[in-house]
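Under mature numbering (1 follows the signal peptide of the UniProt record, and there is no 0), read the sequence shown as residues -19 to -1, 1 to 102, first letter to last. Presented below is the structure to which this report refers.
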Amino acid sequence: MKRLIGVCLGLMILLAACGNKVDGTYKNKEVTLTADDDAETAQINYDTGDDEWNEFLEEDGNDLNYKGEIDKKKKTMTFKDKKGHTEMKMSYKVKGDKLILKDKSGSSGDEKITLKKQKDE
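Written out as structure tokens, the structure reads:
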């Protein structure tokens, strides 16, 4: 009986540890985020939904694609533009197949972005 309880507790700890791993591609209508938990890196891509506007931004050098770093201890992601300027700092939370981002930069209040994990192809 003690061995069974020990195995169950071990599995619960393993599942809890795996549940907070942000790894893979997450998406909603406007945002795609690709994260590598082991390398502690992420990339976020915005889509305005308007092809002409997206093309204009790309020509202007503002393509709304940002590279970032993941701080697993603080549960934050910090994204920078191509020039290295910090654009966004967000806290994150993984709930099942959803990634919830909350803006911590103060620029857009308490905005939350919910992304759904995409299946590996």
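Positions of the beta carbon are idealized from the N, C-alpha and C atoms, including for glycine.
Every alpha helix (DSSP H) stretch that sits fully inside the segment 25 to 88 and reaches 4 residues is listed by chain position as 32 to 40. In this structure, the beta-carbon distance from Thr13 to Thr22 does not fall below 8 Å.
For Lys53 against Gln24, the beta-carbon gap comes to about 17 Å, at or over 8 Å, which does not count as contact. Under the DSSP definition of a beta bridge, Lys97 partners with Lys8, Lys79. Annotated as distal: Asp31 and Asp17, with beta-carbon spacing of 8 Å or more. Taking a 10 Å sphere around the C-beta of Phe37, we find fewer than 16 other C-beta atoms and assign the residue as exposed. In the structure shown, Asp18 falls within a coil segment according to DSSP collapsed to helix, strand and coil. Annotation: Leu45 to His66 spans about 13 Å, alpha carbon to alpha carbon. In this structure, Leu96 lies away from Asn26, with their beta-carbon atoms at least 8 Å apart.
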